[in-house]
Amino acid sequence: MNVKGCEVEQQKPGGAFVSFKFSDTLLETLASGGYRLPTPIQRKLIPVLMQGNNAVASAQTGSGKTLAYLLPILESIAPKDTSTHHYTKAFILSPTKELAQQIYEVTKPFAAALGLRAVLLQGGGKRTDEVKRLERGVDIVIATPQRALEHIEAKRIDVKAIKHLVVDEADMMFDMGFVSYLEKIFAVMTERSQKIIISATITPRVVKLAKAYIKPLRRVELDPPGKVADTITQFLYPVVRSKKEALLAWLISSNDLKRVLVFVRKKELADGVAESLKEWGYKVGILHGERMHQERKKSLLAFREGRYQILVATDIAARGLDIADLEAVINYDIPHVKHDFIHRVGRTGRAGKEGMAITLVSPDEIEQLNDLQKVLGSKIKEVIIPEYAPKEVKSRGYLLHPPQRKRKAPSKKKTSTPGMTKKGKKRKTTKRDGWKLFDAAKENGKKKKGRK
Ligand code: ADP
Ligand code: MG
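62 is the number of the first residue of the sequence shown in our numbering; add one for each residue after it.
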């Protein structure tokens, strides 16, 4: 396994997990999980947390923040002898059920090896099962805020005993309106418990919350906010709004994308886009907040296992998800919240792998695009496909930035742009492009539509 920014670390001597003086069991579990070397955020945050400090920490998505807080906690609460009884020592909060589940999956093998019990408490989960497990005794609770508070208020969790509290994806907690739950939870924690806030971006709201409840506080930051990983290649496709669905289908087909995550702003749009992709003949899953928990779980699993080629998701539903081998992220539109763009794009190019991020922009989104480019700093490469591009863009030859003319360097190997030839012309449609299949799917879709 390999993670963003880790190559450099690997060349340094003494960069192993052993340097943190973890127990043998923890080190063995890390090794059997395939974790060889700590990522940069792990190197930086683990020592701070092992000294018992409170912290607010940030690093880009996919940088390994989960283990960065989990390992010191596990080391701290690992039973020293077999007689230790089970009570809540670590409390980890996550904004969505999917993320809570993901943290739970990472925790499980470590908990099993160390003789600790972990439980997942989340809306949609069976309350009676949760109560039973809490009554039996657990060491680590991973929960969504509302459900967590419910159990705390019902006195099923002894908050006085909690040694470590983590708020993961804190900026998203605000976006989802969970701050009042967090404040209530913070208010009942003891002063001596270690408090950790984790966020991909430390927004002013996060700082305000941290300062109100956590003293003293260490700030551990890795990347400047708004950074897209270097492993991700980005493209921008100007498109007439009414042709977005067709361009989306064409991009997936012509780039032969096997696993692609499509982001849309609104849940209604997610349903519509998914429906239209199905009509083109694709297997598509949907992930948005309005869907039932079981449906979300099913869609995500089918996508992870490759039974769905495409997952259409809203920002809230897909934030923080770790999906292996995601070739590409396609932004059907520009997100409401600018930093969501970084999160969307961060779903690909994870664990040091190459990824591609494609953004479709229609003329009514130019203002948002301009704002976004200010946040990103760098320009995204524009690709104009005459059939789909707005008239004015076609005649001008670009949307925001005129292409820079480079001097010829004939011997250098050129990289190709999706849907284009190496010379920058639109590629001729051949069988290899999957067009035959694509046309067939299109016909099929039309027929189906006609039958309705
Ligand atoms: P973040 O919370 O920063 O977005 P995650 O904690 O979800 O990132 O980790 C991203 C991916 O990196 C996961 O697939 C995880 O298994 C992997 N990972 C984390 N730490 C390491 C490590 N030290 N070595 C190898 N892979 C790691
Ligand atoms: Mg995370």
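Ideal Cβ positions, reconstructed from N, Cα and C, are used throughout, including at glycine.
| request: State buried or exposed for valine 79, treating a residue as buried only when at least 16 other CB atoms are found within 10 Å of its CB. | output: Residue burial annotation: valine 79 is exposed, with fewer than 16 other C-beta atoms found within 10 angstroms of its C-beta.
| request: Could I get the ranges of all uninterrupted alpha helix (DSSP H) runs contained in the segment 84 to 166, with 4 residues as the minimum, in chain order? | output: Within the segment 84 to 166, the complete alpha helix (DSSP H) segments of 4 residues or longer fall at 85 to 93, 101 to 111 and 126 to 138, listed in chain order.
| message | Give me the residue from Ile377, Ile384, Gly350 and Arg380 with the minimum Cα distance to alanine 363. | response | Ranking Ile377, Ile384, Gly350 and Arg380 by Cα distance to alanine 363 puts Ile384 first.
| request: Starting from valine 227, follow the beta strand (DSSP E) in both directions and report where the run begins and ends. | output: Under the DSSP assignment, valine 227 falls in the beta strand (DSSP E) whose first and last residues are 225 to 228.
| task | With a threshold of 7 Å, establish whether the CB of arginine 98 neighbours any heavy atom of the ligand ADP. | result | Here residue 98 turns out to be leucine, not arginine, going by the sequence shown. The closest heavy atom of the ligand ADP lies less than 7 Å from the beta carbon of leucine 98.
| Residue(s) in a DSSP beta bridge with isoleucine 203 | The partner list for isoleucine 203 (beta bridge, DSSP) reads Ile153 and Leu181.
| task | Name, in chain order, the residues that DSSP records as bridge partners for valine 543. | result | Residue 543 cannot be examined here, being either before or after the span of the chain that is shown, 62 to 513.
| Okay, do the segment 341 to 355 and the segment 86 to 97 touch, 3+ Cβ pairs below 8 Å being the bar? | Output reads no: the segment 86 to 97 does not touch the segment 341 to 355.
| task | Would you mind giving the Cβ-Cβ distance between glycine 416 and isoleucine 293, rounded to the nearest angstrom? I have them listed as a contact below 8 Å. | result | A Cβ-Cβ separation of about 5 Å places glycine 416 in contact with isoleucine 293 under the 8 Å criterion.
| Quick one: is proline 463 buried, meaning 16 or more other Cβ sit within 10 Å of its Cβ, or exposed? | Exposed, since its Cβ has fewer than 16 Cβ neighbours within 10 Å.
| request: Since I believe valine 373 is in contact with alanine 335 (beta carbons under 8 Å), could you give me their beta-carbon distance rounded to a whole number of angstroms? | output: Sure, about 4 Å apart at Cβ, within 8 Å.
| What three-state label does DSSP hand lysine 388 in the structure shown? | Per the sequence shown, the amino acid found at residue 388 is glutamate instead of lysine. Assigned with DSSP and collapsed to three states, glutamate 388 falls in coil, not helix or strand.
| Start-to-end residues for the beta strand (DSSP E) that takes in arginine 352 | Here arginine 352 belongs to no beta strand (DSSP E), and DSSP marks it neither H nor E.
| Under 8 Å, do lysine 278 and asparagine 115 count as touching if we go by C-beta distance? | Per the sequence shown, the amino acid found at residue 278 is leucine instead of lysine. For leucine 278 and asparagine 115, yes; Cβs fall inside 8 Å.
| Just to confirm, does aspartate 383 get its C-beta within under 7 Å of one of the non-hydrogen atoms of the ligand ADP? | The nearest non-hydrogen atom of the ligand ADP is less than 7 Å from the C-beta of aspartate 383.
| request: Assuming leucine 297 and threonine 157 form a contact by the criterion Cβ under 8 Å, report the distance between their Cβ atoms to the nearest whole angstrom. | output: Between the beta-carbon of leucine 297 and that of threonine 157 there is about 29 Å, and that puts the pair past the 8 Å contact cut.
| Run through DSSP, which three-state label would serine 260 get? | For serine 260, the secondary structure class from DSSP, reduced to helix, strand or coil, is strand.
| Whether histidine 404 touches arginine 365 by CB criterion (8 Å) | Judged by their CB atoms, histidine 404 and arginine 365 are not nearer to each other than the 8 Å cut-off.
| Which class does proline 447 belong to by DSSP, given the choice of helix, strand or coil? | If DSSP states are grouped into helix, strand and coil, proline 447 belongs with coil.
| query | How many whole angstroms separate the CB atoms of valine 267 and alanine 231, which I take to be in contact at a CB cut-off of 8 Å? | reply | Valine 267 to alanine 231, Cβ: 5 Å. Contact.
| Span of the alpha helix (DSSP H) holding phenylalanine 296? | From DSSP, phenylalanine 296 is part of no alpha helix (DSSP H) but of the beta strand (DSSP E) over 293 to 299.
| query | Does the beta carbon of threonine 127 fall short of 7 Å from some heavy atom of the ligand ADP? | reply | The answer is yes for threonine 127.
| said: What does the alpha-carbon distance come out to for the pair lysine 492 and tryptophan 311? | reply: Note on lysine 492: pLDDT 45, under 50, position unreliable in the model; no value is reported.
| query | If we ignore side chains and look at the alpha-carbon of each, how far apart do alanine 389 and lysine 304 end up? | reply | Each residue's Cα considered, the two are about 20 Å apart.
| Expressed to the nearest angstrom, what Euclidean distance is found between the alpha-carbon atoms of serine 337 and valine 345? | Those two C-alpha atoms are separated by around 10 Å.
| said: Between lysine 272 and threonine 251, how many whole angstroms is the CB-CB distance? I'm expecting something under 8 Å. | reply: For a cut-off of 8 Å, the C-beta gap from lysine 272 to threonine 251 is around 19 Å, too long to register as a contact.
| query | Are the beta-carbon atoms belonging to isoleucine 153 and aspartate 229 less than 8 Å from one another? | reply | In contact: isoleucine 153 and aspartate 229 (Cβ atoms closer than 8 Å).
| Closer than 8 Å, CB to CB, is threonine 157 near chain D or not? | Protein chains in the displayed structure number just one, and chain D is not present.
| task | Give me whichever residues DSSP pairs with isoleucine 419 in a beta bridge. | result | Paired residue(s): Phe296 and Ile391.
| message | the ligand ADP and alanine 120: does any heavy atom of the ligand fall closer than 7 Å to the residue's C-beta? | response | Yes - the ligand ADP has a heavy atom lying nearer than 7 Å to the Cβ of alanine 120.
| said: Just verifying my parser: in three-state terms, what is the DSSP assignment at lysine 276? | reply: Lysine 276 carries a coil assignment under DSSP once its states are collapsed to helix, strand and coil.
| field | Coil, strand or helix - glutamate 252 by DSSP | value | In the structure shown, glutamate 252 sits in coil (DSSP, three-state: anything other than H, G, I, E or B).
| query | Taking the alpha-carbon positions, what's the valine 190 to glutamate 356 distance? | reply | According to the sequence provided, residue 190 is aspartate. The question's valine does not apply to it. Going from the Cα of aspartate 190 to the Cα of glutamate 356 covers about 20 Å.
| request: Use the C-beta contact count for arginine 253: other C-beta atoms within 10 angstroms, 16 or more gives buried, fewer gives exposed. | output: Of the other Cβ atoms in all chains shown, fewer than 16 fall within 10 Å of the Cβ of arginine 253; this residue is therefore exposed.
| request: Could you say which of Gln112, Glu159 and Leu177 lies nearest to tyrosine 148 if we only look at CA atoms? | output: The shortest Cα separation from tyrosine 148 among Gln112, Glu159 and Leu177 belongs to Leu177.
| task | Locate the alpha helix (DSSP H) running through histidine 400, then write down its first and last residues. | result | Where histidine 400 is concerned, the enclosing alpha helix (DSSP H) stretches over 399 to 406.
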